[in-house]
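Residue numbers (our numbering): 828 to 909. Note that beta-carbon positions come from the ideal geometry of N, C-alpha and C, so glycine has one too. Values in this document were obtained by computation on a predicted structure and should not be read as measured data.
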């Protein structure tokens, strides 16, 4: 399975609780698509949220985010890590 970093824009002022709720929704739905969300980060000032996942495809990641109510604006495969 591949790793993906996705980016959400326009989430200005997101709180830690809201980020956790969104992450928990992704985790619950991800099982249906064989997507495992590993981490989520947010910058409330810029409204940017980042999610790292392991998934069969970028499309699978997007389907989970769409069902959870927060479609990703960008999804990037991450082929190399150190």
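Specify, as a first and last residue, the run of the beta strand (DSSP E) that residue i falls within.
| i | result |
| --- | --- |
| residue 870 | 863 to 870 |
| residue 876 | 875 to 882 |
So which of the options has the shortest CA-CA distance to residue i?
| i | options | result |
| --- | --- | --- |
| residue 851 | 906, 885, 867, 909 | 867 |
| residue 883 | 902, 837, 844 | 902 |
What's the gap between the Cα of residue i and the Cα of residue j?
| i | j | result |
| --- | --- | --- |
| residue 859 | residue 908 | 26 angstroms |
| residue 848 | residue 833 | 17 angstroms |
| residue 895 | residue 864 | 13 angstroms |
| residue 861 | residue 893 | 15 angstroms |
Please classify residue i as buried or exposed, where buried requires at least 16 neighbouring CB atoms within 10 angstroms.
| i | result |
| --- | --- |
| residue 876 | buried |
| residue 835 | buried |
Got a sec, what are the start and stop residues for the alpha helix (DSSP H) residue i sits in?
| i | result |
| --- | --- |
| residue 892 | 885 to 895 |
### Message
Runs of 4 residues minimum, wholly inside the region 833 to 864: which ones carry the alpha helix (DSSP H) assignment?
### Response
843 to 860
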